[in-house]
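Inspection log for the structure reproduced underneath, given as structure tokens.
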Amino acid sequence: MGKKFVLKTLGCKTNAIEGQIIASALLEAGFSQVEDFSGADIFILNSCSVTSHSDSQSAYLLNRAKRENPLIKNILTGCVAQTIDMHKGFELENVDLILGNNEKLDIEKYLFKEEKKCVGDIFALEKFNHKTVQNPHQTRVSIKIQEGCNNRCSYCIIPYARGNSRSNSVENILEQIELLTKNGTKEAVLTGIHIGQWGLERGLELVDLLYEIEKSPIARFRLGSLYVNEIDGKLLEFLKVSKKFCPHFHLSLQSLCDKTLCNMNRNYTGTEALEIMEKLYNSFDEPFLGCDIIAGFPGESDEDFEITYKNLLSSKISYIHAFPYSKRENTPAAKMKEQICDTVKTQRTQRLIELSKDKHNAFLERNKNKTHELLFERKSPKTGAYSAVTRNYIKVFIKDERDNLRNTLKVVDMSTFDKLY
């Protein structure tokens, strides 16, 4: 087997970080990374399995790799690989090696083994598998602080792909931040599968970690997805006075109808979620409030959907990531009666997308005459314009002749921009 590899990573920020770990390990072992299947010896697919579309995407890429290069060695890893026994009908003809989510972090140990399947018991893992990501070449860098999830939402396959919650240590996280800031990074994004569960197995809370990050050299930090009922008074009071926190919340809501939330096995009500969103909005100067909403969950009647829609309409939500319910085999929701037809799911999703556009435009309009701190990112070689992002997640483009603005911070009057994004 040669030493040229192609790596494709699908899905979430956690998977993206793990993709960087895989690439770094192989490069350190003497491999070289290429972009085309035709010139590669190995194809590593770091897969996602959150929806059936993700599964289809994985199957397509594996088939394409073999079609373009019949001699390539296809390695399937990520969440599809970890839950492969739960995926009825997933074609494995073009897969040469299956690596679990924990095994992929030491991929170089498995490349030359004879076994076709190396997938350990993810629920047997009790400790966080920490790997330092070197030189990710990004201005806003994601740091994986946590893995797994202790919840069992009725629609979700992810706990079976990731196991129970395991936390990275404060020391490892601060070491990663120290390394990043030495390389010029100004912003860290704290990510994981369920970051609100960070520290549970150690008797700690997420806010305990944030206290330490506040004392670190990072200029600002952002949080990944949170459950609304995990934003308690202690956490909110800290975030309100933090000098480094970016008021950008992505809330894992999924619904704002009590009946649907109960069927999803979520442990909060629509009213509780709305109350917390109101507190968040009133605690900061125009915070970004994003959310996930599943449209067409089994048993969701037209009236149930309207409750969610009207609650979102009355809220100060800034953005809605709306997507149709996707049946995951062997989950409780897949066995529920009253499955919703695809046409209705699509219609409901489209209504939420349109509402999201209106909400986001209103959010941008409220920010037009405000002053915000911008973090300058990449400069387009074509237009000469820098992309930049505010703490509350508004994107702008700035033309500037200087070549040294990347990774710098600047306070700017937003009224000077023709358009906000």
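Quick note on numbering: our numbering labels position 194 of the sequence shown as 184, and the sequence is numbered without any gaps. Positions of the beta carbon are idealized from the N, C-alpha and C atoms, including for glycine. Just so we're clear, the structure is a prediction, and the values are computed from it rather than from any experiment.
Own chain partners of residue i with C-beta closer than 7 Å, once the 5 adjacent residues on each side are dropped
i, result
"residue 243", "218, 263, 281, 282, 283"
"residue 174", "397"
"residue 51", "-2, 35"
"residue 202", "160, 164"
"residue 115", "92, 153, 156"
Top-ranked residue by Cα proximity to residue i, from the options
i, options, result
"residue 388", "381, 265, 349, 374", "374"
"residue 56", "360, 82, 70", "82"
"residue 62", "319, 26, 69", "26"
"residue -7", "207, 16, 182", "16"
"residue 222", "265, 19, 246, 96", "265"
"residue 178", "365, 411, 228, 384", "365"
"residue 156", "201, 391, 132, 184", "184"
"residue 105", "92, 98, 119, 88", "88"
"residue 410", "149, 368, 359", "359"
"residue 253", "323, 194, 237", "323"
"residue 341", "234, 326, 378, 296", "296"
"residue 363", "38, 176, 122, 161", "176"
"residue 413", "316, 260, 309", "For the chain, the structure presents residues -9 to 411; residue 413 sits outside this window and is missing."
"residue -5", "379, 97, 41, 113", "97"
"residue 5", "122, 134, 229, 22", "134"
"residue 301", "275, 320, 259", "259"
"residue 407", "399, 372, 355, 395", "355"
"residue 268", "294, 38, 77, 241", "241"
"residue 214", "228, 85, 237", "237"
"residue 2", "69, 19, 65", "69"
"residue 318", "33, 13, 0, 41", "41"
"residue 7", "20, 48, 121, 33", "121"
"residue 255", "195, 378, 368, 288", "288"
"residue 273", "228, 314, 249", "228"
Collapsed DSSP secondary structure at residue i in the structure displayed
i, result
"residue 425", "In the structure as shown, the chain begins at -9 and stops at 411. Residue 425 is therefore absent and cannot be evaluated."
"residue 276", "coil"
"residue 105", "coil"
"residue 137", "strand"
"residue 24", "coil"
"residue 334", "helix"
"residue 266", "helix"
"residue 301", "helix"
"residue 194", "coil"
"residue 407", "coil"
"residue 377", "strand"
"residue 250", "helix"
"residue 155", "coil"
"residue 319", "coil"
"residue 238", "strand"
"residue 71", "helix"
"residue 80", "coil"
"residue 314", "strand"
"residue 178", "strand"
"residue 346", "helix"
"residue 220", "helix"
"residue 115", "coil"
"residue 353", "helix"
"residue 201", "helix"
"residue 30", "coil"
"residue 363", "strand"
"residue 392", "coil"
"residue 96", "helix"
With 16 other Cβ atoms within 10 Å as the buried cut-off, status of residue i
i, result
"residue 67", "buried"
"residue 45", "buried"
"residue 304", "exposed"
"residue 350", "buried"
"residue 136", "buried"
"residue 109", "buried"
"residue 102", "exposed"
"residue 371", "exposed"
"residue 75", "exposed"
"residue 0", "buried"
Same chain only: Cβ atoms within 8 Å of residue i, ignoring 5 sequence neighbours per side
i, result
"residue 207", "167, 168, 171"
"residue 190", "140, 155, 157"
"residue 321", "144, 145, 146, 147"
"residue 278", "237, 238, 239, 308, 309, 353, 382, 383, 384"
"residue 230", "273, 274"
Cβ-based neighbour list, residue i, same chain, cut-off 6 Å, excluding 5 preceding and 5 following
i, result
"residue 251", "245"
"residue 150", "73"
"residue 59", "27, 28"
For residue j and residue i, believed in contact at Cβ under 8 Å, the rounded distance
i, j, result
"residue 339", "residue 403", "That belief does not hold up - the Cβ atoms of residue 339 and residue 403 are roughly 37 Å apart, past 8 Å."
"residue 225", "residue 197", "5 Å"
"residue 381", "residue 130", "That pair is no contact at about 11 Å."
"residue 346", "residue 384", "Their Cβ separation, rounded to whole angstroms, is 15 Å, which puts residue 346 and residue 384 out of contact at 8 Å."
"residue 331", "residue 298", "The Cβ separation is near 18 Å, so there is no contact."
"residue 132", "residue 181", "5 Å"
"residue 249", "residue 294", "6 Å"
Minimum Cβ-Cβ distance from residue i to chain D less than 7 Å
i, result
"residue 333", "Here chain D cannot be found, since the structure has a single protein chain."
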